[in-house]
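First residue of the sequence shown? That's 4 in this note's numbering, and the numbers climb one at a time after it. Note that beta-carbon positions come from the ideal geometry of N, C-alpha and C, so glycine has one too.
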Amino acid sequence: MSQRLERSMIENSHEEKDLGVLVDEKLNMTQQGVLAAQKASHTLGCVKRSVASRSREVILSLCSALVRPHLEYCVQLWGPQHKKGMDLLE
4 MSQRLERSMI ENSHEEKDLG VLVDEKLNMT QQGVLAAQKA SHTLGCVKRS
54 VASRSREVIL SLCSALVRPH LEYCVQLWGP QHKKGMDLLE
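As structure tokens, then:
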């Protein structure tokens, strides 16, 4: 079912991304947690492959600067409320 706004047709969608947060038609944000975990994992893999130093300080500072923002972006809004969602992000 589509809606009309003035002369334009607006299609329905099952999910919408607004300000970088994915929300489905039931206002469920579980998929946002999955996407955040995937982005963080991808970034962590890039850091591991491209950094020659295995120093704990170097790795921690890179993770804080590059990985954590993916996990913390708007977490107050979409943060996992169930153990399954928390386990995914860990």
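Classification of residue i by the beta-carbon crowding that lies within 10 angstroms, buried from 16 upward
| i | result |
| --- | --- |
| A68 | exposed |
| A39 | buried |
| A55 | exposed |
| M12 | exposed |
| G48 | exposed |
Nonlocal neighbours in the same chain, by C-beta distance under 8 Å from residue i, ignoring five residues either side
| i | result |
| --- | --- |
| Q34 | E18, L25 and D27 |
| V50 | I62, L65, C66, L69 and V70 |
| L30 | none |
Residues near residue i by beta carbon distance below 6 Å, same chain, minus five either side
| i | result |
| --- | --- |
| Q79 | none |
Given residue i as reference, the closest of the options once Cα atoms are compared
| i | options | result |
| --- | --- | --- |
| N15 | P72, L22 and R7 | R7 |
Strand pairing of residue i, partner residues [DSSP]
| i | result |
| --- | --- |
| S11 | L8 |
| V26 | E19 |
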